[in-house]
Structure formats: C-alpha cells, structure tokens
Amino acid sequence: MASILNNIASIKATRRLGISERGLNQTINRLSTGRRINEAADDAAGLQIANNLRADIRILGQARRNANDANGRIATAEGVHEEATNLLTRAAEIAEQAASGTTSSAGRIALNQEWVEIQGALTALDSDTRFDGTSVFGQQFSVRVGERATEVISISTIPIDATNLGLTANLITSTAAGTVLSQVTAAIEQISANSGSLGAKSQRLNTLINSIGISIENITAAESQIRDADIAQEVVNLTKFQVLNQTGVSALAQANQSTQSVLSLLN
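Under the UniProt record's numbering, think of the first position of the sequence shown as 1, with each following residue one higher.
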C-alpha cells in the first residue's frame with residue numbers, strides 16, 4: 001500500500017541502520033581498547049567473573065612478593081649465621097688451646113682477650129642485623145601467602161648474642177676453658193639447627209612462589225578469555241558492519257525516495 005503518512009520501508013531501514021551503527025561503534029571500541037567487555041552492558045555476568053579473577057591475580061601477586069620478601073629475610077639471617085659459625089669455630093679452637101696444660105697463664109689471658117672480642121662480635125651481629133628496619137634475630141614473623149587466613153607461614157630466628165647462646169665462661173683457667181668449649185659447641189649446634197629450620201622454610205617458600213606463579217598464569221588466561229577482545233573476529237565484524245552501514249544508508253535513501261513516487265499518482 002502506498003502512503004504519504006507512514007513510510008514503513010523507511011522506518012525499517014532506519015531501525016536496521018541504527019543496529020548496524022551500534023555494532024560498528026562497539027567493534028571500533030573493542031579494537032581501540034583491546035577488550036571485549038568495556039561496560040557492564042557488554043556482558044554483565046562476564047564482567048563480574050572477570051573482575052573477581054582480576055582481584056585474585058592481584059592478591060596472588062602480592063602473596064608472591066610477600067614470599068620473596070620472606071626469602072630475603074631468611075637469606076640475611078643465613079648469611080649472618082655463617083659468619084657467627086665462623087666466629088664460634090675460632091672460639092672452639094682457642095678454647096681447646098686454653099684448656100691444654102701446656103698453655104701458660106699469660107697465653108690464656110691473651111686467648112681470653114680474643115674470646116671477649118668474639119663474644120662482642122656475636123652480640124653486635126645480633127643487634128645490628130636488620131631487615132626493613134626490624135631486627136632479624138630473636139624474632140618470629142608470619143608470612144601471608146594467600147587469600148585465606150590459614151595461608152600463613154611462621155618463621156622464627158634465635159638470638160645469637162653471647163648471653164642468649166650461653167657463652168658465659170672465660171679462658172683464664174684450663175677448667176674454665178673446657179667449659180667454654182662445651183658452651184661453644186652447644187652454640188654451634190643451636191645456630192646450625194636454626195639454619196636448618198630456615199632452609200626448610202625457604203624451600204617451602206620457593207615451592208609456593210612457583211605454585212603461585214602457575215596459578216597467576218592460569219587465572220590470567222581465564223580472565224583474558226572473558227575480558228579481552230578477539231582481534232581477528234573484531235576485524236571481521238568491522239568489515240561486516242561497515243558494509244551493513246553503507247548498504248543501510250543506501251536502503252534508507254531508497255526508502256525515502258519511494259514516497260516521492262506517490263506524487264506521480266496525483267499528476
């Protein structure tokens with residue numbers, strides 16, 4: 001039916017042209033941002049899932065940094081443990097010498113002076129070794145390595161000053177030197193045991209760091225599948241909507257032109 005009041009063909013062409021223009025704009029937006037989801041209207045459920053996954057990625061990234069920081073603190077302690085063990089090994093050597101009946105009183109006094117310096121060096125190592133402004137030795141700290149409150153690793157270090165290691169005797173007499181030797185041997189065992197514990201914690205942290213890295217990779221891939229645009233598909237869509245937009249404009253022009261034919265009936 002020919003009508004001059006309602007051009008149905010033009011109305012349909014206008015609606016379809018609007019659809020193709022929206023599709024073209026959406027495709028250009030996706031290509032320019034690289035994301036399939038740029039607003040909630042694009043995929044509300046997908047946006048919620050992608051946001052949750054992104055939060056998981058950020059949390060895991062921080063957990064990995066926490067574990068690396070803890071490894072740094074452990075490495076600091078282990079390095080000082082090695083130096084303390086060297087001092088104690090030297091202390092055991094001079095204690096053995098002082099305990100011998102062949103060492104004179106003057107010799108023991110000289111050896112005791114070195115022993116006092118070793119005690120002072122151990123105390124200095126204990127008090128002066130710090131990590132991020134915090135004392136390393138005689139401390140216990142917890143490392144958060146996951147989202148849940150249970151994902152925590154506790155790490156502790158023993159104090160390595162002379163008093164806490166039980167190094168209280170002197171080398172003035174052979175009997176006292178024997179006591180020093182026993183105390184030094186026990187101190188070496190304490191430090192070695194703590195080093196072993198720290199090594200086990202470090203190994204556990206390294207395993208977690210690797211595991212977290214794998215989780216981050218997998219979750220990132222999942223989040224990318226939801227949020228990121230398929231560039232190849234969007235290029236195809238761009239061509240399609242450009243063609244539809246051009247043909248829509250032509251169709252609308254043709255539909256508007258058809259009303260002019262009604263006038264020919266009046267001539």
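We put the CB at the ideal spot given by N, CA and C, even for glycine. Bear in mind the structure is a predicted one, so any value in this text is a computation, not a measurement.
Helix or strand or just coil, what does DSSP make of residue i?
i	result
S195	helix
T123	helix
R227	helix
T179	helix
S250	helix
Q140	strand
residue 274	Residue 274 is absent from the structure shown; the chain starts at 1 and stops at 267.
Could you tell me whether the Cβ atoms of residue i and residue j are closer together than 8 angstroms?
i	j	result
I209	I57	no
G34	A232	no
V145	I155	no
A121	L87	yes
R36	R30	yes
T129	V180	no
T85	F131	no
I160	L125	yes
G248	S10	no
T27	L238	yes
G46	I226	yes
A44	V143	no
L17	L252	yes
What's the C-alpha gap between residue i and residue j?
i	j	result
S211	N52	20 angstroms
N112	E78	28 angstroms
T185	A92	7 angstroms
G199	I74	8 angstroms
R148	S135	28 angstroms
W115	R108	10 angstroms
N68	S182	38 angstroms
Q140	S224	40 angstroms
G72	I118	26 angstroms
A162	Q203	29 angstroms
L165	Q190	8 angstroms
Q246	Q254	12 angstroms
Three-pair Cβ contact test at 8 angstroms for the stretch 164-180 versus the stretch 96-103: yes
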